[in-house]
Structure formats: structure tokens, C-alpha cells
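Asks: Going left to right, the sequence shown walks through residues 231 to 472 as our numbering numbers them.
Built from N, CA and C at the ideal position, the CB exists for glycine as well.
Everything numeric in this text was worked out from a predicted model, so none of it was measured.
One structure is given below, represented as C-alpha cells, and several questions about it will come after.
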Amino acid sequence: MQIPRGKYWPLVIKILTVFFVIWVISFLVSDFVQVHVLKWTQTYGYPIIFLWIVLANIIAGLPSSFLPIGIGLASAKGDYNPTLAISIITIASTLGDVIAYTLTRRFRHTFLKWLSVNEHDPNYTKAYNYVSRGGGGRLVFITRFLFAGILGFVNYAAGMLKMPFWKFFWLALFGEIIWSSIWFGIGYYPLELKSIIVNNWEISLLVALCLVFAGWWWHIYLKKQNQSLLKLIWQTLIGKMN
């Protein structure tokens with residue numbers, strides 16, 4: 231039976247509304263939160279780092295990347311031990327991921343009811359069968375450090391669709407190791423990175439132009455092959471749902 235075109239509009243509008251509200255709140259409180267959290271870390275140290283990172287990975291929309299940058303900068307001045315700081319940030323972010331995943335998995339029926347999703351819907355069943363059997367792992371991994379803005383929602387989706395726990399855990403852990411190392415390094419080596427870019431601006435510009443050209447050429451090539459770049463990216467991140 232063909233699904234009516236307007237059937238999913240209430241769900242789409244609800245999800246987009248949530249995204250918009252979270253984005254607005256995050257934008258309004260971002261500066262205030264960053265200033266105060268960094269002040270708290272100066273007073274209480276590692277416990278605040280740990281607690282805030284855990285909370286930010288549970289509640290989608292809370293800023294978090296500023297903290298490893300700030301801690302990296304402070305570590306360069308000798309205020310923190312770099313190895314210990316990165317370890318705490320990685321453990322905290324992974325714990326936050328696991329808590330968000332566990333809560334949505336435990337109360338998945340409540341979340342699905344709120345989203346007005348029918349568990350017997352063929353499209354939901356297809357997604358559930360795919361993820362619950364281990365699909366979608368690449369998206370979990372890559373959103374840890376490339377698409378942090380949707381990290382929380384990926385945690386929720388993995389829980390609601392019952393991705394195998396250990397698969398989720400290891401992908402989240404390895405992704406968070408990369409995330410914490412990158413953002414900590416940006417804070418720890420700011421002058422070195424800045425000098426490299428400034429002193430070699432011609433190379434930096436050339437690399438950027440080459441990347442743009444390569445992306446455009448790839449798009450044209452796939453179009454001639456009657457393939458979609460967006461579809462290819464989707465399949466690369468999510469995988470093919472048979």
C-alpha cells in the first residue's frame with residue numbers, strides 16, 4: 231500500500247521544531263555557559279571538566295568543544311597534565327554517550343510515542359532491523375568528531391533503534407579519543423598552528439581550492455554516471471539498507 235505523502239509531516243515538523251529550539255537556546259546561552267564553565271574549572275579543576283562533558287553528551291545542544299580547547303590552552307601553561315586531561319575528557323564524553331544511548335533504549339517506547347512513530351510502520355521496521363543488527367555504525371563513529379552538532383541525536387537514535395551495545399560503545403570510544411585529541415590539540419598548540427597557516431598561506435589556499443575542485447569534479451562525474459553525490463555520502467555514512 232502506498233504511503234500518503236503528507237503522513238510524516240507532523241513528525242518532520244516536530245523534529246525540526248526541537249532542532250530549532252535547541253539551536254536557539256544553545257546560541258543564546260553559549261557565551262554565558264563557556265565563560266562560567268571555564269571559571270568553574272579554574273576553581274574546581276578536573277571534576278567540573280568531567281561533569282560538564284558528560285552532561286553535554288547527554289543533552290543535545292549543550293556546547294562542549296570549547297572546554298577541551300580551553301583545557302588544552304591551560305595545559306600548555308602548566309595548569310593541567312595533558313595526558314590526564316585528555317583521558318578524563320575522553321572517558322567523560324564516552325560515558326555521556328553511553329548514558330544517552332541507555333536512557334533512550336530503556337524508554338524507547340515513550341520516545342517513539344512522543345514522536346508519533348508507529349513501531350509497525352514499514353519504514354521504521356526497516357530502520358530498526360538495519361540498526362539493531364549492527365548497521366549505521368559509521369555514522370556513530372564519524373559524528374563524534376566531524377558532526378558534533380548531531381552527536382546527541384545519533385546517540386538517541388542508536389538507543390531507540392537498539393544498536394548492539396558493544397558496537398555502539400567501541401565506535402563511540404574510538405571516535406571520542408579522536409575528538410578529545412583534536413580539540414585539546416587546538417588549544418595546546420594554537421600559536422604553532424596559527425604560524426603554520428600564516429607563514430604558508432599560499433599552500434593553505436591551494437589545498438583549499440584543490441579540495442573544492444575535487445568535490446565539484448566528483449559531483450559532475452557521478453552525475454554523468456547517473457549517480458547522486460548526496461546518496462553516495464549517505465550510503466558511506468549510514469550504509470545500504472537492504
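Cα-Cα, which of 329, 285, 303 is closest to residue 387?
Replies: 329
Asks: Go through its chain and collect everything with a Cβ distance to residue 232's Cβ below 6 Å, but skip five positions before and after it.
Replies: With a pLDDT of only 39 at residue 232, under the threshold of 50, the placement of this residue in the model should not be trusted, and no figure is reported.
Asks: On a CA-only basis, which of 407, 450, 377 is nearest residue 290? Give me that one, please.
Replies: 377
Asks: Within 10 angstroms of the Cβ of residue 384, are there 16 or more other Cβ atoms? Answer buried if so, exposed if not.
Replies: Under this definition residue 384 is a buried residue.
Asks: Measuring alpha carbon to alpha carbon, tell me which residue in 303, 312, 265 is nearest residue 419.
Replies: 303
Asks: State yes or no: is the C-beta of residue 334 within less than 8 Å of the C-beta of residue 389?
Replies: yes
Asks: Counting only runs of 4+ residues fully inside the stretch 389 to 422, write out the alpha helix (DSSP H) ranges in chain order.
Replies: 395 to 418
Asks: According to DSSP, is residue 287 part of a helix, a strand, or is it coil?
Replies: helix
Asks: Just the C-alpha distance for residue 325 and residue 403, rounded to the nearest angstrom, thanks.
Replies: 9 Å
Asks: Go to residue 370, then tell me how far its alpha helix (DSSP H) extends in each direction, as first and last residue.
Replies: Run containing residue 370: 367 to 373, per the alpha helix (DSSP H) assignment.
Asks: Return the residue from the list 450, 374, 350, 367 that minimises the CA-CA distance to residue 288.
Replies: The option with the nearest alpha carbon to residue 288 is 374.
Asks: Does the stretch 433 to 446 come within contact of the stretch 400 to 415, defined as at least 3 CB pairs closer than 8 Å?
Replies: The answer is no - the stretch 400 to 415 does not touch the stretch 433 to 446, with fewer than three Cβ pairs under 8 Å.
Asks: Suppose you measure from the CA of residue 391 to the CA of residue 362; what does that come to, to the nearest Å?
Replies: If you take the alpha carbons of residue 391 and residue 362, they lie about 6 Å apart.
Asks: Secondary structure at residue 339, three-state DSSP: helix, strand or coil?
Replies: helix
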